[in-house]
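Student: With my numbering, the residue at position 27 of the sequence shown is 27, and numbering never jumps.
All C-beta atoms, glycine included, are put in the ideal place defined by N, C-alpha and C.
Here the structure is a predicted model, which means the values were calculated and not measured.
Please read through the structure below; I'll follow up with questions.
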Amino acid sequence: MTGIKGDFNNNNEIDIGDSSKVAYAVADKVELTVEEADFNNDGKLDVGDAAMIAWYLIGKIPTL
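Quick look at the structure:
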């Protein structure tokens with residue numbers, strides 16, 4: 001991961017690809033840790049974390 005919180009595809013921005021990568025991690029297709037991708041702070045990696053990135057992208061939440 002780069003210095004931008006939530007930038008998992010390393011393109012220096014938060015985009016739908018980052019949400020997708022978290023969803024892939026939930027499906028055990030890629031490796032992400034709970035510490036780097038638990039955006040809803042429930043102590044686990046789940047679809048809610050991917051949704052948090054999507055909500056950020058559409059302006060529903062101000063930060064990740």
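What separation, rounded to the nearest whole angstrom, lies between the Cα atoms of residue 50 and residue 25?
Tutor: The sequence position of residue 50 within the sequence shown is 50, counting from 1. The sequence position of residue 25 within the sequence shown is 25, counting from 1. So the two alpha carbons sit approximately 9 Å from each other.
Student: With 16 other CB atoms within 10 Å as the buried threshold, where does residue 61 fall?
Tutor: Against the sequence shown, residue 61 aligns to sequence position 61. The residue is exposed, with fewer than 16 neighbouring Cβ atoms inside 10 Å.
Student: Going by DSSP, what residue range makes up the alpha helix (DSSP H) through residue 35?
Tutor: By one-based count along the sequence shown, residue 35 stands at place 35. Element bounds for residue 35: 34-37.
Student: Give the single residue among 15, 11 and 31 whose Cα lies nearest to the Cα of residue 59.
Tutor: As a working note, residue 59 is residue 59 in the sequence shown. Nearest C-alpha to residue 59: 15.
Student: If you measure between the beta carbons of residue 3 and residue 18, is that distance less than 8 Å?
Tutor: Within the sequence shown, the letter at position 3 stands for residue 3. Within the sequence shown, the letter at position 18 stands for residue 18. No, the Cβ-Cβ distance between residue 3 and residue 18 is not below 8 Å.
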